[in-house]
Structure formats: structure tokens, C-alpha cells
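S.K.: The structure's right below; bear with me while I get my questions together.
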Amino acid sequence: MNEADIARLAIEGRETRSVELKASMPWADLGTKAKVLKAVAALANTADGGLLLFGLTESDPPGTHALTGVPEAVSAGFATDDVASFVNSHVYPSVSLDVRHVVVEGLQVVGIAVRQFTDIPVMITKALDIPGEKGSAVKLGAIYVRGLKLNATCELSAPDDLRELVRLASLRELERYFQVRALERDAGPGDTAKFLAQLKGWES
């Protein structure tokens, strides 16, 4: 996703299954980290990934967002390494993401572009607790998705959302299968047999 794509989505101001919009909030705040963790995990569990975009405030009519921007000091707090390190310390498998800083109509916005999982769906493996709040802000073992019936991040519970996640994981498995078959054809039967023999030796 390039800067032009992010600018277009900011101007449109509408959430979709692959786009989540948030008002400005500082990365240092644990509440922000909880929202980012849930949203990134959900977008990673969405076909083709998606974008978490800061700098838009809910507006009228319902479902629309106004471009309000992110202060420079807040924008500077979001860095790819910091966000990726935090997210990946709380999930498995790891998520691939990039933080983008884009100026749209004179206002700064911050986008976190998230890629779809490559192997298996993403799950929370470390809870996130916020001091003073009851229970975990992000629960251990939770799987987050962007709901099929509502453009929002939610914990996996609906049968339709489960079916969609299984479908995505099955497609990933098929992709790997055909990649291996293609490699086998390129290598030739002799090389494949040698490779399998070596692999069997390593496993023994």
C-alpha cells in the first residue's frame, strides 16, 4: 500500500473490512497499544491484510469519519520497529507491518499497513493488562478478526467469521502445496528423491 492509497482512504473516511480508522492517540499510551494490537491481529487475519489509519474522527452521518489529523509529536511516536516489536511480542505467528507517515490535505496521518498471515492465523499469546482496569485489555488466546457482518475488529466467535478464517488458512496451505510441486518439477525426480532422502536422514 503506497502513500497515494493511504491518502485516498483518508479522504474517503469510511471503514471497510480491510480499513480501520482511529482518531489521534499517542503510541506511548497502553490503551493505544491495546487498540493497535487488536486491530493489527484482526487485519492480519483478513484476506490480503489491511490498514489501520490514525487521524480520522467519527462524524455525521454515522459510518463516516472526518479528517482531523495527528499532531507532529504524536506522529513521531509511531515507528515501524517499535510497533512491530510490541505487536510480535504478544502474538503468534509474527505479523509483517509497516508504519507510514503521510500528509493529506495539509494534515498528518499515520497508517499501519498490515500483511495477511502467511502460514496460520494470528493468535494472542501474551495478555495485555492496563493498570487500574479490571481484566485484560487484550486476552491471552484470543483470535481477532474483522467481522463479516460489521466493519469492526472483534474477537472470533461468529460461525461465519470462523468459516472465513478457515477458508483463508486453507488457501494458504494450497499455495504452499503448489509451490512445493512447482519446485519438484523444476528440480526433477532425481533431485527430489535425493532431497527427500537427505531430509529423512536429518529427521532420524
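Okay, so the sequence shown: first residue is 344 according to our numbering, each after it adds one.
Glycine included, every Cβ here is placed at the ideal spot set by N, Cα and C.
Closest to residue 463 by C-alpha separation, out of 372, 482, 435, 377, would be which residue?
M.R.: Looking at the Cα atoms, 435 is the closest of the given residues.
S.K.: Which residues in the same chain as residue 413 place their Cβ atom closer than 7 Å to its Cβ, once the five residues preceding and following it in sequence are excluded?
M.R.: Closer than 7 Å at Cβ, skipping near neighbours: 367, 397, 398, 451, 452, 453.
S.K.: Taking buried to mean at least 16 other C-beta atoms within 10 Å of its own C-beta, is residue 428 buried or exposed?
M.R.: Classification for residue 428: exposed.
S.K.: Thinking C-alpha only, which one of 490, 372, 426 is nearest residue 474?
M.R.: The shortest Cα separation from residue 474 among 490, 372, 426 belongs to 372.
S.K.: Go ahead and pull the three-state DSSP assignment for residue 439.
M.R.: Correct three-state label for residue 439: coil.
S.K.: Between the C-alpha atoms of residue 357 and residue 395, what's the straight-line distance to the nearest angstrom?
M.R.: Straight-line Cα distance between these residues: approximately 12 Å.
S.K.: Looking at the structure shown, is residue 423 part of a helix, part of a strand, or coil, going by DSSP?
M.R.: Here residue 423 sits in helix by DSSP.
S.K.: To the nearest angstrom, report how far apart residue 565 and residue 384 are at their CA atoms.
M.R.: Residue 565 lies beyond the stretch modelled for the chain, which goes from 344 to 547, so this question has no answer here.
S.K.: Quick check: the region 481-499 against the region 415-423, are at least 3 beta-carbon pairs closer than 8 Å?
M.R.: Short answer: they don't touch.
S.K.: If we ignore side chains and look at the alpha-carbon of each, how far apart do residue 438 and residue 508 end up?
M.R.: Each residue's alpha carbon lies about 16 Å from the other.
S.K.: Within the same chain, show all residues whose beta-carbon is closer than 7 Å to that of residue 496, passing over the 5 residues directly before and after it, in chain order.
M.R.: Hits under 7 Å: 363, 381, 382, 385, 487, 489.
S.K.: Quick check on the DSSP output: the beta strand (DSSP E) that includes residue 354 runs from which residue to which?
M.R.: Segment 346-355 is the alpha helix (DSSP H) holding residue 354; no beta strand (DSSP E) there.
S.K.: Which residue or residues does DSSP assign as beta-bridge partners of residue 496?
M.R.: Paired residues: 489.
S.K.: Please state the DSSP three-state secondary structure of residue 483.
M.R.: Coil, per DSSP.
S.K.: How many angstroms separate the CA atom of residue 501 from the CA atom of residue 447?
M.R.: Rounded to the nearest angstrom, the two C-alpha atoms are 36 Å apart.
S.K.: Could you give the DSSP three-state label for residue 447: helix, strand or coil?
M.R.: The answer is strand: DSSP assigns residue 447 an E or B state.
S.K.: Under 9 Å between the Cβ atoms of residue 346 and residue 445?
M.R.: Yes, these two residues count as a Cβ contact at 9 Å.
S.K.: Give a yes or no on whether the C-beta atoms belonging to residue 360 and residue 514 are separated by under 9 Å.
M.R.: No, the Cβ-Cβ distance between residue 360 and residue 514 is not below 9 Å.
S.K.: For residue 507, which three-state DSSP category applies?
M.R.: Of the three classes helix, strand and coil, the one that applies to residue 507 here is helix, per DSSP.
S.K.: Spatial neighbours of residue 479 within its chain, please: CB distance less than 7 Å, with the 5 preceding and 5 following residues excluded, ordered by chain position.
M.R.: These residues qualify, in order along the chain: 470, 471, 472.
S.K.: Looking at C-alpha atoms only, which residue of 369, 377, 499 is the closest neighbour of residue 419?
M.R.: Measuring from the Cα of residue 419, the nearest candidate turns out to be 369.
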